[in-house]
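2 protein chains.
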Amino acid sequence: MFEALRYAPAYLRVSEAIRARILSRELLEGQALPTETELARQFEVNRSTVREALRKLESNGLLGRRRGGKRLFVTRPTRESVGGGLSQAFALHRARVVDVWEALQAVQPGIAAAAAERRSSAALELLEATVERFAARKGERELAVGDVAGFFDALGEAGANPVFTLLNEPLLRLLKPSLAVIIDRVPQARSRIESAQKQIVAAVRARDARTAAEWMTRHVRDFRRGYEVAGIPLSTEVGEELDAAVPGFS
Amino acid sequence: MFEALRYAPAYLRVSEAIRARILSRELLEGQALPTETELARQFEVNRSTVREALRKLESNGLLGRRRGGKRLFVTRPTRESVGGGLSQAFALHRARVVDVWEALQAVQPGIAAAAAERRSSAALELLEATVERFAARKGERELAVGDVAGFFDALGEAGANPVFTLLNEPLLRLLKPSLAVIIDRVPQARSRIESAQKQIVAAVRARDARTAAEWMTRHVRDFRRGYEVAGIPLSTEVGEELDAAVPGFS
DNA sequence: GGTATCTTATTGTCCGACAATCCGACAAGC
DNA sequence: GCTTGTCGGATTGTCGGACAATAAGATACC
Chain A
94 MFEALRYAPA YLRVSEAIRA RILSRELLEG QALPTETELA RQFEVNRSTV
144 REALRKLESN GLLGRRRGGK RLFVTRPTRE SVGGGLSQAF ALHRARVVDV
194 WEALQAVQPG IAAAAAERRS SAALELLEAT VERFAARKGE RELAVGDVAG
244 FFDALGEAGA NPVFTLLNEP LLRLLKPSLA VIIDRVPQAR SRIESAQKQI
294 VAAVRARDAR TAAEWMTRHV RDFRRGYEVA GIPLSTEVGE ELDAAVPGFS
Chain B
94 MFEALRYAPA YLRVSEAIRA RILSRELLEG QALPTETELA RQFEVNRSTV
144 REALRKLESN GLLGRRRGGK RLFVTRPTRE SVGGGLSQAF ALHRARVVDV
194 WEALQAVQPG IAAAAAERRS SAALELLEAT VERFAARKGE RELAVGDVAG
244 FFDALGEAGA NPVFTLLNEP LLRLLKPSLA VIIDRVPQAR SRIESAQKQI
294 VAAVRARDAR TAAEWMTRHV RDFRRGYEVA GIPLSTEVGE ELDAAVPGFS
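Going down the list, the sequences are from chains A and B. Using this note's numbering, read the first sequence as starting at 94 and increasing by one per residue. Using this note's numbering, read the second sequence as starting at 94 and increasing by one per residue.
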């Protein structure tokens, strides 16, 4: 009958006020925030209260500081901070490798198609460099995994769609641990990945969206085969390892 | 040459410590956190410092409180809190409606296929109820938009893939405003949406993943036509309206 | 059993303080 | 001119203590 009437503590109202100013672009990226004391004066609250509000915005990725700096600056959520938060959420929702794989299968062909349609020549070069790097890599499991993630990243970047770029990161993050196992245990994994990447890049260079998407579909399906061959149960829960870095502070 | 040596302020170390305990499942969902004073005692820091740490975890959606409650409880990020943060990030990265549409086009067919493969009968009923609700709706633009979002939501739920569920929310959130315009301005929009939903649900009931995905592809393509007919430029930036609710506090 | 009442514990907010250190300016030296 | 040393001020990180409002738990009552 009646709606619960909300009383919002001051620290929330302060953080909301600042957030609104950022989203409305009154505060622009890169701009320095007033000092805590000044904010306290303007909002007519205590500095401690302001600080609580700032911590919220900080972990939302809306505020950050320059390396070793003191003052806070307006920033927008980076791939890393978004990715950290999201993959953390996935893990807590007990997502399994098969869930992540399924999402990859849905998303990546679209990303590949977008990349093929819109890649700039600079993005193409970057993409090719990534492929070369992976192909040249011998051993060094961890670095090879990084290269594969770098390939997907570069592809997302080439598509010039911020939605794809931001969604890509957390999926890759969750993919990595299991990918490392695959590369270790499946002998032909590297060569299969390499050839798939080359086909995809060729299609991207030719601006052939359909072929890019098709090869990507095959590529992702291969990962699933990889899980099976490597003996990774599809129902393994993806877990955040130690590398759950502090989002928004690095 | 040298790596920057990092010093982490106490409030960050505290929040990291607690986060780690949550991610490692030592602290379980629903469990109450010790009181601020107790935490301060254990970490040997001041209560203000603890509070700053708690605010961070609060906006990450890892801590929350029961309606009108005082104590903090361990929670996992809800769809809403994740969605709020993500759509905020998209907006700040100046995503355009075409970007969101492209992402929908990539993701939704996969979701539909997953739903067809794994839907429970309960989920199917919910889905059908949603479709009925939208079909029966006359006028009431906002509610109709909510119904459409509810359809995608129910579909995601039916797929029983937390990754899809969490990714779906922010996309829908960004879709809504433009969808409202389409429903207003394109006369045949409602009937086209309704028939597409019915085809999709039929395929889901028949557990026919391929057909479900195909109809979904058409359905999403239709939205693009809708943009054109409604005169919404595809390069419009999606913006967070006032409804940018406080994530993790509602 | 359920409900009203009372106590206590806990949170939200404030004030004031201080050390560490980042910032900017300015001077000195090659 | 550009780097390096010096210095004062501004700003953050952290602390201690305080108090009102109110949720939570216990207790008495019907």
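From the three backbone atoms N, C-alpha and C, an ideal C-beta is built for every residue, glycine too. Note that this is a predicted model, so its numbers are computed, not measured.
Interface with chain A (8 Å Cβ-Cβ cutoff): Asn153 of chain B is included.
In chain A, no part has a C-beta under 8 Å from the C-beta of Lys269 of chain B; the shortest such distance is about 15 Å. The DSSP assignment places 282 to 298 as complete runs of the alpha helix (DSSP H) inside the segment 265 to 316 of chain A, in order along the chain (cut-off: 4 residues). Chain-order list of chain A residues neighbouring Gln198 of chain B: Gly203, by C-beta distance under 8 Å.
Spanning the alpha carbons of Asp192 of chain B and Pro255 of chain A requires a straight line of approximately 7 Å. Annotation: Arg160 of chain A is outside any alpha helix (DSSP H) and is labelled neither H nor E by DSSP.
Bridge pairing for Arg189 of chain B: B:Glu330 [DSSP].
A check of alpha carbon separations from Arg99 of chain B across A:Asp301, A:Arg160 and A:Thr258 identifies A:Arg160 as the nearest. Identification of residues in the segment 249 to 266 of chain A having a C-beta nearer than 7 Å to some C-beta of chain B yields Asn254, Pro255, Val256, Phe257, Leu259 and Leu260, given in sequence order. By DSSP's assignment, Phe166 of chain A forms a beta bridge with A:Ala125 and A:Gly157. Taking a beta-carbon distance threshold of 8 Å, Asp192 of chain B counts as an interface residue toward chain A. In chain order, Ala182, Leu185 and His186 make up the part of chain A whose C-beta sits under 8 Å from the C-beta of Arg169 of chain B. Per DSSP, reduced to three states, the secondary structure at Leu217 of chain B is helical. With fewer than three CB-CB distances shorter than 8 Å, the segment 174 to 187 of chain B does not count as touching the segment 240 to 252 of chain A. Glu173 of chain B is outside the set of residues whose beta carbon lies under 8 Å from a beta carbon in chain A. A distance of 8 Å or more separates the beta carbons of Val274 of chain B and Val322 of chain B. When DSSP assignments are scanned along the segment 228 to 263 of chain B, no uninterrupted stretch of beta strand (DSSP E) that is 3 or more residues long falls wholly within it.
For Lys149 of chain A, the chain B residues whose C-beta falls within less than 8 Å of its own C-beta are Arg148, Lys149, Glu151 and Ser152, listed in chain order. Along the segment 114 to 146 of chain B, the positions whose C-beta sits under 7 Å from a C-beta of chain A are Leu116, Ser141, Arg144 and Glu145, read in chain order. Between the segment 203 to 212 of chain A and the segment 294 to 310 of chain A there are three or more inter-stretch CB-CB distances shorter than 8 Å, so the stretches are counted as touching. Contact between Gln201 of chain A and Val313 of chain A holds, with the beta-carbon distance rounding to 5 Å and staying under 8 Å. In the pairwise beta carbon analysis, the segment 120 to 139 of chain B is classified as touching the segment 161 to 178 of chain B: at least three pairs are separated by under 8 Å.
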